[in-house]
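Here the structure comes first, spelled out in structure tokens, and everything after it is commentary.
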Amino acid sequence: MAESFVEQVVASVRHWFCMEVPNRTARLMIADLETIIADFEAVRDRGRFEDEPCDFEVALQESKERT
Amino acid sequence: MTDEVPASHSDALTGLTLVEAVDAMRCGEITAEAMTTACLQRIERYDGRLNATIWIEAGPALEAAAEADRRRRAGAGLGPLHGLPMANKDMFYQAGRPCTCGSRILRDFRPDITATVIERLEMAGAITLGGLNMAEFAHNPTGHNAFGDCHNPWKPDYVTGGSSSGSGAAVAARFVSASLGSDTGGSIRMPASACGVTGLKPTQTRVSRYGAMPLSFSCDNLGPLARTARDCARVLHVIAGADAKDPTSAHEPVPDYEAMLDADLRGCRIGVPRGFLLEGVDPAVQQAFDTSLEVLRGRGATVFSVALPVMDEVTAYSAVVSRAEGSATHMRWARDHPGDYAPHVSGRIYPGFAVPAVYYIEALRRRGPVLRVFAREVFGQVDVIATPTLPGQIPTLAETDIDTGDADALRRYSRLGSNVRWVSYLGLPAISVPCGFDGNGMPIGLQLVGRPFAEGRLLKTADALQSDTDWHRRAPVLHG
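The listed protein sequences derive, respectively, from chains A and B.
For the first sequence, this note's numbering begins at -1 and goes up steadily by one.
For the second sequence, this note's numbering begins at 7 and goes up steadily by one.
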């Protein structure tokens, strides 16, 4: 399964970016993507957030200390 | 170079903090030329072993120092960094001067613009000596580099932390008393901690990024590494504030940070996170962390535990943003010149090309709402969050060389940033302050995280710690 995931990623990057996997380190780090996907899917649609758009810079201003 | 400054006098000069040095130069006790010469001599004497610098231009620096001295003698107005020699991470553009970004690819790059932060430092009186070593394109947390690894002044076999490796090493080694670095996922705080200096990552948008090498444009920040919180306060006051050349920079007023440093923490609520940030922390690090909290209590702070919400979201989304943006910047070079990168850099860039755009957009779209929830639930209870900057003992360069293919090296490498990365996605300000030494004699850092634009509170808290401890005053013994 892990090998097939790596090969899928290699094929995808080749298709979209005409880029070959550069070295063994890259192959090792592709494995991280599986964790990233799992982490991402685990938090999707938890429903803790408002659906209306919230600009990040606005949130920074809203969250600052009030004196 | 001008006449040599005797070694003992030279060491006395380079031993000064930024504020001590500038104050002495402003009142004429010492000259900028003597200070600059002392820094250059120290670099020449010791950098062969540390590899903290990539390029140094002594001639222009000494000319600028002589001009600074002339201005003082003429009674001209003097800036808050008058005569101060600085060398910065080699990723800030200066028209006509080298800017390698720590890479072979940009080995011969000479930008035709100058970064706003460099312009502001020089307008305030700082003198640029040169560019410092860094992780190639800021792409690692250790200090490995194809130009030659940067070595920790406390023990050269150990990592400096990265990616502002040369900045941490140069300040610790007393080559300069302050240096600019960049922090996208901990790249100021990690080297500050590992090298025993103070490093401040400002709030996202606080400091202009015009003319600075991009890594991950949503999370890139520029800030100082220096000996003390007061030194960082002085530099931040100079570089912070809106910049027409960087439309993402905030119009938030810039306070007088130094005036806020009164060491009085009464009313300050410090939260110690429950959960993974303190799990598996090395015992020596834990002890130093606990001791520093006691010191802060002694200054009037209250300390209690706090749960950090939405950390799963922060972890998931920040990984997507950093992978996608870190790769997008490199698409052309990664396709056309993959062999010009170090293997660990091209290896890290490559997987980002497989991150789906939908993930990336969702991760960015959630950033505001996640920050809102985090701020409401955490900063309603505490003013400052405290963690160890690095959870474990500092590893050696050999132990974290992932180009060997060693799985343990990759694990150690990834573990380095576990306490600092989350702050960047939230855009919060954070500072790392020296708070002890581990069993190997390597520095330990305390990380303090605050609300957006609460740099003053963080500097005040760090300064209070430094008022009652001397970790930041200890210096490594160097060998030429």
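Cβ atoms here follow ideal geometry from the backbone N, Cα and C, with glycine treated the same way.
Query raised in the report: Three-state secondary structure (DSSP) at Ala218(B)?
Result: Residue mapping note: residue 218(B) aligns to position 212 of the second sequence, counting from 1. Ala218(B): strand per DSSP, three-state reduction.
Requested in this report: Put Leu135(B) into one of helix, strand or coil per three-state DSSP.
Outcome: By 1-based counting over the second sequence, the position of residue 135(B) is 129. Here Leu135(B) sits in strand by DSSP.
Query - Where Ile355(B) falls: helix, strand or coil (DSSP) - result: Position 349 of the second sequence holds residue 355(B). Looking at Ile355(B) - three-state DSSP - the assignment turns out to be helix.
Query - Own chain residues within Cβ distance below 7 Å of Leu271(B), not counting five before or after - result: Residue numbering aside, residue 271(B) sits at position 265 when the second sequence is read from its first letter. If we look at Leu271(B) and ignore the five residues flanking it on each side, its Cβ neighbours are Leu302, Arg305, Gly306, Ala307, Thr467 and Ala470.
Query raised in the report: Does the distance from the CB of Thr122(B) to the CB of Tyr216(B) come in under 7 Å?
Result: The count along the second sequence starts at 1 and reaches residue 122(B) at position 116. The count along the second sequence starts at 1 and reaches residue 216(B) at position 210. The answer is yes: Cβ separation under 7 Å.
Report task. Closer than 7 Å by beta-carbon distance: list the chain A residues that pair up with Glu319(B), in chain order. Result -> Taking the first residue of the second sequence as position 1, residue 319(B) is located at position 313. Here the neighbours are Val41.
**Report entry** Spatial neighbours of Glu405(B) in its chain, beta-carbon cut-off 7 Å, leaving aside the 5 residues before and after
**Finding:** Position 399 of the second sequence, counted from the first residue, corresponds to residue 405(B). Taken in chain order, the residues that qualify are Ala415 and Arg418.
**Report entry** Cβ of Met7(B) within 7 Å of any chain A Cβ
**Finding:** Taking the second sequence and counting its residues from 1, the one referred to as residue 7(B) is at position 1. Note that Met7(B) has pLDDT 46, beneath the 50 cutoff, so the model's placement of it is unreliable and the number below is only indicative. By this cut-off, Met7(B) is not an interface position.
Requested in this report: State buried or exposed for Trp14(A), treating a residue as buried only when at least 16 other CB atoms are found within 10 Å of its CB.
Outcome: For the purposes of this step, residue 14(A) is taken as the residue at position 16 of the first sequence. By the neighbour-count rule (16 or more Cβ atoms within 10 Å), Trp14(A) is not buried but exposed.
Report task. Along the alpha helix (DSSP H) that carries Pro279(B), what are the first and last residues, could you check? Result -> For the purposes of this step, residue 279(B) is taken as residue 273 along the second sequence, with counting starting at 1. Segment Arg275 to Arg280 is the beta strand (DSSP E) holding Pro279(B); no alpha helix (DSSP H) there.
Query raised in the report: If you scan the region 97 to 145 of chain B from start to end, which runs of the alpha helix (DSSP H) of 4 or more residues do you find wholly inside it?
Result: 122 to 129
Requested in this report: Identify which residue in Met219(B), Ser214(B), Gln293(B) and Asn227(B) has its Cα closest to the Cα of Gly205(B).
Outcome: Counting from 1 along the second sequence, the entry for residue 205(B) is found at position 199. Residue Asn227(B) is the option with its Cα nearest to Gly205(B).
Query raised in the report: Taking just the CA atoms, how far does Ala82(B) sit from Gly154(B)?
Result: Counted from its first residue, the second sequence places residue 154(B) at position 148. Counted from its first residue, the second sequence places residue 82(B) at position 76. Taking the straight line joining both Cα atoms gives about 43 Å.
Query raised in the report: How would you call Gln210(B), buried or exposed, if buried means at least 16 neighbouring beta carbons within 10 angstroms?
Result: As a position in the second sequence, residue 210(B) is number 204, starting the count at 1. Label assigned to Gln210(B): buried.
Query raised in the report: If you drop the 5 nearest sequence neighbours on each side, which residues of the same chain put their C-beta closer than 8 Å to that of Gly433(B)?
Result: Against the second sequence, residue 433(B) aligns to sequence position 427. Thr209, Gln210, Thr211, Cys225, Arg373, Leu377 and Pro458.
**Report entry** Partners in chain A for Thr209(B), counting only beta-carbon separations shorter than 7 Å
**Finding:** Position 203 of the second sequence, counted from the start, is the residue given in the question as residue 209(B). Within 7 Å Cβ-Cβ: Leu58.
**Report entry** Contacts that Gly337(B) makes with chain A (C-beta to C-beta distance below 9 Å)
**Finding:** Along the second sequence, one-based indexing puts residue 337(B) at 331. Note that residue 337(B) is Met in the sequence shown here, rather than Gly. Residues of chain A passing the Cβ test: Phe15 and Met17.
**Report entry** Extent of the continuous alpha helix (DSSP H) to which Phe310(B) belongs
**Finding:** Here residue 310(B) corresponds to residue number 304 of the second sequence, with the count starting at 1. Counting along the chain, Phe310(B) falls outside any alpha helix (DSSP H), though it belongs to the beta strand (DSSP E) covering Thr308 to Ala313.
Report task. Output the residue ranges of the beta strand (DSSP E) runs that lie fully inside the region 220 to 254 of chain B and measure 3 residues or longer, sorted by chain position. Result -> 228 to 232
Report task. Round the Cβ separation of Leu56(B) and Pro230(B) to the nearest angstrom and send it over; I've been treating them as touching at under 8 Å. Result -> The sequence position of residue 56(B) within the second sequence is 50, counting from 1. The sequence position of residue 230(B) within the second sequence is 224, counting from 1. That pair is no contact at about 20 Å.
Query raised in the report: What residues are listed by DSSP as bridge partners for Gln453(B)?
Result: Residue 453(B) sits at position 447 when you count from the first residue of the second sequence. Partner(s): Thr393(B) and Ser438(B).
Query raised in the report: How far does the alpha helix (DSSP H) with Met27(A) in it reach, from first residue to last?
Result: What you label residue 27(A) is simply residue 29 of the first sequence in a count that begins at 1. Its alpha helix (DSSP H) spans residues Arg22 to Val41.
**Report entry** Cross-strand partners of Lys207(B) (DSSP beta bridge)
**Finding:** In the second sequence, residue 207(B) corresponds to position 201, counting from 1. Paired residue(s): Ala436(B).
Report task. Can you give me the Cβ contacts of Val344(B) inside the same chain, cut-off strictly under 7 Å, excluding the 5 residues immediately before and after it? Result -> If you number the second sequence from 1, residue 344(B) lands on position 338. The identity of residue 344(B) in the sequence shown is Pro, whereas the question assumes Val. Closer than 7 Å at Cβ, skipping near neighbours: Ser352.
Query - Where Ser193(B) sits in the DSSP three-state scheme - result: Taking the second sequence and counting its residues from 1, the one referred to as residue 193(B) is at position 187. Ser193(B) falls in the coil class under three-state DSSP.
Query - Interface residues of chain B facing Phe3(A) [CB-CB closer than 8 Å] - result: In the first sequence, the residue the question calls residue 3(A) occupies position 5. Chain B residues near Phe3(A): none, gap ~10 Å exceeds 8 Å.
**Report entry** Simplified DSSP state of Phe181(B), which is helix, strand or coil
**Finding:** Stepping through the second sequence from its first residue, residue 181(B) is reached at position 175. The answer is coil: DSSP assigns Phe181(B) none of H, G, I, E or B.
Query raised in the report: Which term fits Val25(B), buried or exposed, when burial requires 16 or more other beta carbons within 10 angstroms of its beta carbon?
Result: In the second sequence, residue 25(B) corresponds to position 19, counting from 1. By the neighbour-count rule (16 or more Cβ atoms within 10 Å), Val25(B) is buried.
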